[in-house]
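Protein chains: 2
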Amino acid sequence: MTNLPTTFAALSDPTRFAMVERLMAEGALPAGALSAGVEISAPAISRHLKTLRAAGVIQQEVKGTHRIYSVRPEALQMITAWTMSHREFWESSMNRLEMALSEFQETKDD
Amino acid sequence: MTNLPTTFAALSDPTRFAMVERLMAEGALPAGALSAGVEISAPAISRHLKTLRAAGVIQQEVKGTHRIYSVRPEALQMITAWTMSHREFWESSMNRLEMALSEFQETKDD
DNA sequence: TTGTTAATTAACTGTTGATTTAATTACTAG
DNA sequence: CTAGTAATTAAATCAACAGTTAATTAACAA
């Protein structure tokens with residue numbers, strides 16, 4: 000639940016990953032909205048939501064017949080904390096490319 | 000291979016995750032060293048190494064009969080780039096705790 | 001109550017994944 | 001070349017996972 004491998008497992012499915020990205024971009028959404036426009040069935044989406052919730056990646060808010068889902072910031076923070084705890088490792092080869100740090104530098108000056 | 004869900008899938012197994020953490024902490028290691036001290040069989044370790052390699056998380060260097068494995072910094076950088084690209088999302092609830100950012104701030108002044 | 005909509009759970013199928021033991025490849029040493 | 005060591009691939013098993021259709025729960029509105 001609150002450990003990294005479980006979080007990574009939740010995000011390892013492309014469908015779930017896309018759902019999480021959409022929830023972060025658009026904010027909280029009901030299950031129906033996440034189901035719409037996607038080719039897979041509603042029950043499949045429902046199961047993915049359950050998996051994400053069990054892993055602590057998303058949270059649910061019941062609103063009448065709708066269930067509103069949103070990403071738990073703590074999940075992202077946990078991943079960030081892990082990468083940062085190993086920062087000295089991957090940063091040592093930073094001269095090779097501009098990937099993560101350049102992305103970071105972009106949003107740094109706000 | 001070079002996409003996030005695949006990377007997350009590679010890190011979703013507790014055994015593999017532990018192997019990656021050990022490789023980052025101790026540096027490059029031969030397969031035998033990763034196998035020693037762990038309760039699972041050598042072939043199982045070998046398959047895990049193959050999975051990690053296919054996902055681009057680790058790399059292999061052949062040295063005689065030994066295969067030396069090490070973590071590819073790019074894999075960590077890719078994860079970091081992703082979390083940073085969503086930084087405005089999880090950072091907005093940062094007042095709740097000190098997790099990732101505090102970790103980051105600690106190592107910032109070097 | 002009856003019907004409608006939102007979403008889930010149930011039951012089933014096919015695929016992938018982790019593990020083991022046994023066999024194989026490949027390098028090194030005598 | 002023979003033996004030993006490092007590591008992998010082969011073959012088989014069992015569990016977990018993603019997907020489907022069908023059935024169920026729950027809220028709301030007439």
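Protein chains in written order, with numbering that gives the first Met the number 0: chain B, 0 to 109; chain D, 0 to 109.
Ideal placement from N, C-alpha and C gives every residue a C-beta, glycine not left out.
All values reported here derive from a predicted model rather than from experimental measurement.
Out of B/89, B/37 and B/32, state which residue places its alpha-carbon closest to the alpha-carbon of residue 80 of chain D. Ranking the options by Cα distance to residue 80 of chain D, first place goes to B/89.
Can you find a C-beta in chain B that's less than 8 Å from the C-beta of residue 69 of chain D? no
Environment of residue 47 of chain B [buried if 16+ CB atoms lie within 10 Å]: buried
With a threshold of 7 Å, establish whether the CB of residue 55 of chain B neighbours any heavy atom of the ligand ADP. In terms of ligand content, the structure shown is empty, and the ligand ADP therefore cannot be addressed.
Boundaries of the beta strand (DSSP E) in which residue 66 of chain D is found, first to last residue: 65 to 70
If you run the structure through DSSP and keep just helix, strand and coil, what is residue 19 of chain B? helix
Can you name the residues of chain D whose CB is closer than 9 Å to the CB of residue 23 of chain B? 85, 88 and 89
If I follow the unbroken beta strand (DSSP E) through residue 60 of chain B, where does it start and stop? 57 to 62
Which whole-angstrom value describes the C-beta separation of residue 56 of chain D and residue 71 of chain D, a residue pair presumed to lie in contact below a C-beta threshold of 8 Å? Residue 71 of chain D and residue 56 of chain D do touch by the CB rule: their CB atoms are close to 6 Å apart, below 8 Å.
Assess, as a yes-or-no matter, whether the stretch 21 to 39 of chain B is touched by the stretch 21 to 34 of chain D under the definition of 3 or more beta carbon pairs within less than 8 Å. no
On the three-state DSSP scale, how would you describe residue 99 of chain D? Because the pLDDT of residue 99 of chain D is 48, which lies under 50, any placement of that residue in the model is unreliable, and the number read from its coordinates should be weighed accordingly. Three-state DSSP puts residue 99 of chain D in a helix.
Neighbour flag for residue 114 of chain D against chain B, beta carbons, 8 Å: In this structure chain D extends from 0 to 109, so residue 114 of chain D is not present and cannot be described.
Could you give the first and the last residue of the continuous alpha helix (DSSP H) run that contains residue 35 of chain B? Run containing residue 35 of chain B: none; DSSP gives neither H nor E here.
Against chain B, does residue 4 of chain D count as a neighbour if the rule is that its beta carbon must be under 8 Å from one of theirs? Answer yes: the Cβ-Cβ gap between residue 4 of chain D and chain B drops below 8 Å somewhere.
Are there 16 or more other CB atoms within 10 angstroms of the CB of residue 78 of chain D, so buried, or fewer, so exposed? buried
Drop a sphere of 10 angstroms on the beta-carbon of residue 73 of chain D, count the other beta-carbons inside from all chains shown, and report buried for 16 or more, exposed for fewer. The residue in question, residue 73 of chain D, is buried, as its Cβ has 16 or more Cβ neighbours within 10 Å.
To which residues does DSSP link residue 48 of chain B through a beta bridge? DSSP, once it has assigned bridges, lists no residue as partnering residue 48 of chain B.
Could you check the C-alpha separation between residue 12 of chain B and residue 14 of chain D for me, to the nearest Å? 19 Å
Going by Cα to Cα distance, which pick from D/8, D/92, D/2 and D/68 is closest to residue 4 of chain B? D/8
CB of residue 51 of chain D within 8 Å of CB of residue 44 of chain D, strictly: no
Please report how far the alpha carbon of residue 35 of chain D lies from the alpha carbon of residue 68 of chain B, in whole angstroms. 44 Å
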